[in-house]
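Here is the structure we will look at, set down as structure tokens.
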């Protein structure tokens, strides 16, 4: 009855999943709806940026050679021959000691190769002339055509997440539509005869299904839509029907519970019935050692633990990178840093331990009640401490690895000058 | 013509904005649509979690006192009197050396105070009895009622961001609907006579408006909707009409450009005409020293620079915390850490400098072309290096402050065991 399972290291489990993740292809979306999507093609500059020599300040465009020798004692006077705003073009070509009054962002006129900032000029009453008290070097106060990007340049590689800066680039180059990776539709099926729906009243022996809403929110955090499935009963055949329906309607399926060794843990039997290849069914980690991943022809079945903390961790460690790989992302893995442990963590670790934690930029501390069935610490945490297996415990002051899982919420204090 | 402006420190500018930000009130949303919203009321536990003494493993519920003295030489046999799955309740009360076969998550029956894990039991063929080889302490292998949370406990404070863990808590306690902060509707008006729309072809002297799409994406990153406004011409009166229309239709307005000292920089005149109080019009920072914030009766007018990098930085430093305060958030400020500078940054800093950067968890390096008009480095960066003003430059190896602005995209390597 007790099946022997061989635990594999987390890194090996991650690698097995990533290897099997197949890309979903691409689709076109409007720029205005592209935040958080993943670029399916490199972003290529369609022109130089800036597209012309540009005034970065309000002032006067001059020929630098006319300013040679200027000093407080030897002020040089320029005659203003034109006046242009941003977006305008002067048709004048500058002659000796001629200048064009120019606004920030305007195209520098022909012949000009430096800009005198308004604050650097002593203007006459009528602004028809101005004086300078210092020489200006060639290209001084000038934004040169192409200094930021060159036409044809591959600016952002395919597989990058579209952030506000990417949106600015897309707009700059006239991409009103963007080719992005298709998002998988993910099925979520919480198994467990003890589970009630959110709206149901608590009865003896039962708890409400929190893993389903948690996973749908983990997916929402990635911008990935989901479909929820239900089991009508705790019968293997009916469970199989639900799994087969999900396989028809979605790009992958996440189940919670049912992967352990209990009498109603049907997932191992289901994997067999649908002829799925089990990539692993035991990982050398806590919580979530029973996490199982199987696949049939690139369709993933993620068998996460029914324990909320184990379920949460299993999602972020295995589901997240697999979905990102399906979306062609370049960066598959959680952001990571090192931090100083703010308190002792004396529990010995035969397996790699992931502790839900609070990170403040330098220190990290466990986010509270630390068992695999904990729910509160998932909400309270913004990171996961990673404690390698085979260790006897950790002390305050030890430097540990931290995976960042929600630090973008920010801090309550500014604390910079 | 040149107006004297007194720069104030960034921290002072932030404080002036925050002081004036007024809360918007709350609304109710479905749990399934609550990701990223901000809790308007504390999340209170409606029952103990777990709600009953619970088996954390598959095994046998026993009375611990019956196991006293058990050893490999002195095995103790128990009789299995019932068999329950998760969600089921046994109506048996355990007598001496009686046990109930129990699944993970099930309620421990009356009289039982320990669980023998399946792996710790030597079962008879028919599973009617089993033997143990060690004593079990009271509460061994038991999840105690209320060990995670107590009924009535304030689990998560108002003002917290709803993350996947919060969703799990809300589901646990039967909150199918959640009271969350209302989101502001933010108006965005890009000024600048040089600006073309995304779909327009480039013409001499013109560039496409990238600040508008960038800001709408910065807002999208915060889950905040926006309305875009246009200026029909570069005429002060028409600009005023656009601003007044936005003030009627939105909760605050972000303008880009027009805050400098150029001849077409109308914003200062507009603030006067609408009798707005200017909180500051010069900040001791680069880029974005001309960033201006004004307000009329709690309606903010954020006058960001027209230079993309300055605009981006101004948004994250001032607009973001102000909007979060309006939404009652607890954590108003960007996440922050310290990192080792990966290269020299020799430019002297009279003002605090914010450098768009790439952070890898330990080191940070500038994200490329570093001028206030840069666009590429906004997209390439995932953080901002903060270099205090009054310094002469920084060297590789120096430890600097870093604001994290997109590190949640993650890393390209797993690199943990």
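Chains as they are written, first to last, in the UniProt record's numbering: chain A, 1 to 417; chain B, 1 to 417.
Glycine is no exception: its CB is placed at the ideal position from the N, C-alpha and C atoms.
Source: prediction; values computed, not measured.
Got a sec: is the Cβ-Cβ distance from residue 379 of chain A to anything in chain B below 8 Å?
yes
Are there three or more Cβ pairs, one per stretch, closer than 8 Å when the region 156 to 168 of chain B is compared with the region 194 to 201 of chain A?
no
Going by DSSP, name the residue or residues bridged to residue 349 of chain A.
A:391
Kindly indicate the opening and closing residues of the alpha helix (DSSP H) around residue 20 of chain A.
10 to 20
Could you check which residue in B:245, B:93, B:105 and B:231 has the C-alpha nearest to that of residue 192 of chain A?
B:105
Tell me, to the nearest whole angstrom, how far the beta carbon of residue 254 of chain A is from that of residue 187 of chain A; I am working on the premise that it is less than 8 Å.
7 Å
Is residue 190 of chain B close to chain A? Criterion is C-beta to C-beta, closer than 8 Å.
no
Identify, in the order they occur along the chain, each residue of the same chain with its Cβ nearer than 7 Å to the Cβ of residue 1 of chain B, setting aside the five sequence neighbours on each side.
Confidence at residue 1 of chain B is low in this model, with a pLDDT of 42, below 50, so its placement is unreliable and the value that follows should be read with caution. The answer is none, since no qualifying residue turns up.
Cβ pair count under 8 Å reaching 3, the region 367 to 376 of chain B against the region 281 to 296 of chain A
No, they do not touch.
One question on the structure: do residue 280 of chain A and residue 292 of chain A come within less than 8 Å of each other, judged by their Cβ atoms?
yes
Taking all protein chains shown into account, do 16 or more other C-beta atoms lie within 10 angstroms of the C-beta of residue 69 of chain B, making it buried, or fewer, making it exposed?
exposed
Examine the Cβ distances between the region 23 to 33 of chain A and the region 326 to 337 of chain A and report whether three or more of them are shorter than 8 Å.
yes
Using a Cβ-Cβ distance under 8 Å, would residue 147 of chain A count as near chain B?
yes
With distances taken between CB atoms, is the gap from residue 214 of chain A to residue 168 of chain B smaller than 8 Å?
yes
Sort A:91, A:390 and A:378 by Cα distance to residue 351 of chain A and report the nearest one.
A:390
Taking CB distances under 8 Å as the criterion, tell me whether residue 106 of chain B reaches chain A.
yes
Among residues of its own chain, excluding the 5 on either side of residue 177 of chain A, which ones have a beta-carbon nearer than 8 Å to its beta-carbon?
28, 29, 30 and 31
Within 10 angstroms of its Cβ, does residue 206 of chain B collect 16 or more other Cβ (buried), or is it exposed?
buried
Coarse secondary structure for residue 104 of chain A, derived from DSSP in three states:
Correct three-state label for residue 104 of chain A: coil.
is_contact[residue 409 of chain B, chain A] using C-beta, thresh 8 Å:
Closer than 8 Å: yes.
Using only alpha-carbon positions, find the residue among A:60, A:257, A:270 and A:409 that is nearest to residue 121 of chain A.
Nearest of A:60, A:257, A:270 and A:409 to residue 121 of chain A, Cα basis: A:60.
In the DSSP assignment, the beta strand (DSSP E) including residue 338 of chain B goes from what residue to what residue?
336 to 341
Residue 75 of chain A versus residue 58 of chain A - alpha carbon distance:
21 Å
When Cβ atoms are compared, which residues of the region 213 to 246 of chain A fall closer than 8 Å to chain B?
Here the close residues are 213, 214, 215, 216, 217, 218, 220, 221 and 234.
To which residues of the same chain is residue 209 of chain B closer than 6 Å at the C-beta, ignoring the five residues directly before and after it?
190 and 195
Which residue comes first and which comes last in the alpha helix (DSSP H) that contains residue 237 of chain A?
236 to 249
Contact criterion: CB-CB distance below 8 Å. Does residue 376 of chain A meet it with respect to chain B?
So, interface residue.
Compare the C-beta of residue 348 of chain A with all C-beta atoms of chain B and state if any pair is closer than 8 Å.
For residue 348 of chain A, the answer is no, since every Cβ of chain B falls outside 8 Å of its Cβ.
Take residue 257 of chain B as the anchor and find which of B:241, B:288 and B:237 has the nearest alpha-carbon.
Residue nearest to residue 257 of chain B within the set B:241, B:288 and B:237 is B:288 (criterion: CA-CA distance).
Can you pull out the residues from the region 71 to 88 of chain A whose beta carbon lies closer than 7 Å to at least one beta carbon of chain B?
85, 86, 87 and 88
Cβ of residue 288 of chain B within 8 Å of any chain A Cβ:
Closer than 8 Å: no.
Spatial neighbours of residue 402 of chain A in its chain, beta-carbon cut-off 8 Å, leaving aside the 5 residues before and after:
Within its own chain, the residues whose Cβ lies closer than 8 Å to the Cβ of residue 402 of chain A, once the five positions on either side in sequence are excluded, are 336, 337, 338, 339, 357, 359, 364, 383, 384, 385 and 386, listed in chain order.
Which residues does DSSP pair with residue 366 of chain A in a beta bridge?
A:357
Spell out a yes or no on whether the region 75 to 87 of chain B and the region 123 to 140 of chain B are touching, meaning 3 or more CB-CB pairs, one atom from each, closer than 8 Å.
The region 75 to 87 of chain B vs the region 123 to 140 of chain B: in contact.
Cβ-Cβ distance between residue 251 of chain B and residue 184 of chain B below 8 Å:
yes
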